[in-house]
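Under the working numbering, think of the first position of the sequence shown as 836, with each following residue one higher.
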Amino acid sequence: MAELPPDPRWRVLVFEAHQVVRAGQRYAWDNRARADAATVVFQQTIAGAGELRGGGRTWRAEAGMALLFAYAEESDYGVPVDLRGHYVLRWASLTGAGVRAHWDWLRARHGWAVPVTGAAAAAADRLFADLVAGRPGDVAALVHGLDQALSHARRARLRPAEAAAEALAADPFRAVDIARLAATHGCSREHLVRTFTARHGLPPGRWLARQRTARALDLLRGTDLTVAAIAAQVGLASPHVLARLLRRGTGRGPTAWRGG
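1) Is F963 close to chain B? Criterion is C-beta to C-beta, closer than 9 Å.
2) What's the gap between the Cα of P1039 and the Cα of A1063?
3) Pull up the DSSP beta-bridge partners for G885, would you.
4) Within a Cβ cutoff of 7 Å, which residues of the same chain sit near E997, ignoring the five residues on either side of it in sequence?
5) Alpha carbons only, please: which of P971, R1050, G980, A927 is nearest the one belonging to P950?
6) Could you give the residue range of the alpha helix (DSSP H) that holds H937?
7) In whole angstroms, what separates the C-alpha of I1065 from that of R857?
8) Residues in its own chain within less than 6 Å of A955 by CB, not counting five upstream and five downstream?
9) Using DSSP with H/G/I as helix, E/B as strand and the rest coil, what is D911?
10) I'd like to check one pair, L1027 with A1051: are the Cβ atoms closer than 9 Å?
11) Residues bridged to F1031 by DSSP?
12) Quick check on P950: does DSSP put it in helix, strand or coil?
13) Give the single residue among L1016, L1003, G933 whose Cα lies nearest to the Cα of R1034.
14) To test your reading of the DSSP string, which unbroken alpha helix (DSSP H) runs of 4 or more residues are found completely within the stretch 1011–1071?
15) Rounded to whole angstroms, what's the CA-CA distance from V934 to D1006? Just pull it up for me.
16) In angstroms, rounded to a whole number, what distance separates the CA positions of R961 and V875?
17) So, for R1082: in the same chain, excluding its five sequence neighbours on each side, which residues have a beta-carbon less than 6 Å away from its beta-carbon?
18) Can you give me the start and stop residues for the beta strand (DSSP E) that A975 sits inside?
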């Protein structure tokens, strides 16, 4: 297991690029005993299978899949009782302001055991190659690669307006042009707005404002990130745009919320 130096950004705390759990070896961990709720874990199966119990069910990750879990939550993991061979895996513990919220978002949409393909596989390979070479890995690329690959697979099964609505809701903290998004998916802006509103109960603009406001307040009250950094994390162009959003939605600007 390797440890990396502290970094204020999203970062890897510890990792293992190639771990072998031999058949019959005890391998069982309980996340309730781990106190740091800001830490999440990406655990990818190379061979065999891993098993995670959490979120009201049991999740199994065969080769080419990954388990997504977090510390200080009601979950535990190990190997399936029917596994006869070795469990070969690689994993990384990730932390940083906002990473847990993104992780929970991914799991709520896609589950706690997910295929690692496309952009996710490429980002995971780069991450571990960098870590082994002693370079800081790009955690943000892994998180967004997972979202991109999983959302793409999900949207491939949907009609154009439904796929566009999925893409919009999948990452409310990324800057987006709704008309351009609709055109990319082959539907009109109006059709996208109607579909999105039917699914979420609000038009896209109001729904995005709520998500971004709530996330910005969490970061203002729970981190020492600059207002500019928080604006960027929630998909806004500048601190001034963030200030307008907060004042319109809450009656108070960033400085007042941070002070309070």
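Glycine included, C-beta positions come from ideal geometry on N, C-alpha and C.
According to the structure shown:
1) Structure shown: chain B not included; a single protein chain is present.
2) The residue labelled residue 1039 in the question sits at position 204 within the sequence shown. The residue labelled residue 1063 in the question sits at position 228 within the sequence shown. If you take the alpha carbons of P1039 and A1063, they lie about 24 Å apart.
3) Indexing the sequence shown from 1 puts residue 885 at position 50. Per DSSP, A896.
4) Position 162 of the sequence shown, counting from 1, holds the residue named residue 997. If we look at E997 and ignore the five residues flanking it on each side, its Cβ neighbours are T1030.
5) Your numbering for residue 950 matches position 115 in the sequence shown. When the alpha-carbon of P950 is set against those of P971, R1050, G980, A927, the nearest one is in G980.
6) Looking up residue 937 in the sequence shown gives position 102. In the DSSP assignment, H937 falls within the unbroken alpha helix (DSSP H) covering 934–945.
7) Sequence index remark: in the sequence shown, residue 1065 carries index 230 (1-based). Sequence index remark: in the sequence shown, residue 857 carries index 22 (1-based). Between I1065 and R857, the C-alpha separation is close to 44 Å.
8) On the sequence shown, residue 955 is found 120 positions in, with the first residue counted as 1. Only G980, L981, A984 meet the Cβ criterion.
9) Reading the sequence shown from its first residue, position 76 is the one you call residue 911. In this structure, DSSP gives D911 an extended state, which the three-state scheme calls strand.
10) Stepping through the sequence shown from its first residue, residue 1051 is reached at position 216. Stepping through the sequence shown from its first residue, residue 1027 is reached at position 192. In this structure, L1027 does not lie closer than 9 Å to A1051 by Cβ.
11) For the purposes of this step, residue 1031 is taken as residue 196 along the sequence shown, with counting starting at 1. Bridge partners of F1031: none, in fact.
12) One-based indexing of the sequence shown puts residue 950 at position 115. Strand.
13) The residue labelled residue 1034 in the question sits at position 199 within the sequence shown. Taking the Cα of R1034 as reference, the smallest distance to any Cα among L1016, L1003, G933 is reached at L1003.
14) If we require 4 residues or more, the alpha helix (DSSP H) runs fully inside the stretch 1011–1071 come out as 1013–1019, 1024–1035, 1039–1057, 1062–1068.
15) To locate residue 934, count along the sequence shown from 1; it is residue 99. To locate residue 1006, count along the sequence shown from 1; it is residue 171. Taking the straight line from one Cα to the other gives about 13 Å.
16) In the sequence shown, the residue the question calls residue 961 occupies position 126. In the sequence shown, the residue the question calls residue 875 occupies position 40. Near 19 Å, if we compare the C-alpha coordinates of V875 and R961.
17) Residue numbering aside, residue 1082 sits at position 247 when the sequence shown is read from its first letter. Around R1082: G1088.
18) As a first step, residue 975 must be located in the sequence shown, where it is residue number 140. Segment 974–990 is the alpha helix (DSSP H) holding A975; no beta strand (DSSP E) there.
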